[in-house]
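Residue numbers (this note's numbering): 417 to 599.
Worksheet for the structure shown next.
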């Protein structure tokens, strides 16, 4: 009679244990940078982040009107917004998020007023920090995918919400940002 007492490590609970686990963080970076296919898959966007003081409050421009609670239109320093910005070129990928439901389409009901029927999702690398009310500028690109400085604005978006996607015991894998068009 053979006495066999298997330990927990002897049991094959997961048949995929021998496979190497992929890192979603690395996969997103490889996809955006083109390391997996050899060609970049992202477009360059300009992140206009509000400059903030040590308390996290936006730094107001000298054109800021306290009475009107707004900046002066045409200001060369803040573009009329009333706050100072810093601009950084970031890679990212856009995709559309449809807000319309099939029930609304079938019975032709719709909301009153002006509303886009979609929002825009924006995927960025894990170390990109986008804060609510920051702007994402989509510049006009030439045929090779480059833009020149000063850039021409194709579309302007405002950050509504950023969700950090985490896996692998809480490690930040990538950012998913919801954007709205600025008209």
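Beta carbons: idealized from backbone N, C-alpha and C, even for Gly.
Closest Cα partner of residue i within the set the options
| i | options | result |
| --- | --- | --- |
| residue 475 | 445, 498 and 543 | 498 |
| residue 575 | 489, 536, 548 and 490 | 548 |
| residue 545 | 571, 564, 592 and 559 | 592 |
| residue 580 | 483, 570, 459 and 541 | 541 |
Burial state of residue i, where buried means 16 or more other Cβ atoms lie within 10 Å
| i | result |
| --- | --- |
| residue 444 | buried |
| residue 463 | buried |
| residue 508 | buried |
| residue 529 | Residue confidence for residue 529 is low, a pLDDT of 49 falling below 50, so the modelled location carries little weight and cannot support an answer. |
| residue 471 | exposed |
| residue 585 | exposed |
| residue 505 | exposed |
| residue 606 | Coverage of the chain is limited to positions 417 through 599, which leaves residue 606 absent and any answer about it impossible. |
| residue 442 | exposed |
| residue 599 | exposed |
Cβ-based neighbour list, residue i, same chain, cut-off 7 Å, excluding 5 preceding and 5 following
| i | result |
| --- | --- |
| residue 502 | 465 and 467 |
| residue 568 | 555 and 556 |
| residue 582 | 588 and 589 |
| residue 477 | 487, 491, 493, 494, 498, 499 and 500 |
| residue 480 | 487 and 498 |
| residue 538 | 508, 510, 552, 593 and 595 |
| residue 496 | 487, 488, 489 and 490 |
DSSP bridge partner residues for residue i (one or two, in chain order)
| i | result |
| --- | --- |
| residue 506 | 461 |
| residue 501 | 466 |
| residue 596 | 574 |
| residue 482 | Paired residues: none, contrary to the question. |
| residue 488 | Its beta-bridge partners do not exist; DSSP assigns none. |
| residue 447 | Its beta-bridge partners do not exist; DSSP assigns none. |
| residue 590 | 541 and 581 |
Nonlocal neighbours in the same chain, by C-beta distance under 8 Å from residue i, ignoring five residues either side
| i | result |
| --- | --- |
| residue 469 | 475 |
| residue 536 | 510, 511, 512, 513, 573, 594, 595, 596 and 597 |
| residue 558 | 564 |
| residue 550 | 463, 464, 465, 466, 574 and 575 |
Nonlocal neighbours in the same chain, by C-beta distance under 6 Å from residue i, ignoring five residues either side
| i | result |
| --- | --- |
| residue 561 | none |
| residue 578 | 546, 591 and 593 |
| residue 571 | 554 |
Original post:
Unbroken beta strand (DSSP E) runs of length 3 or more, entirely within the segment 528-576: which are they?
Top reply: 534-541 and 551-555
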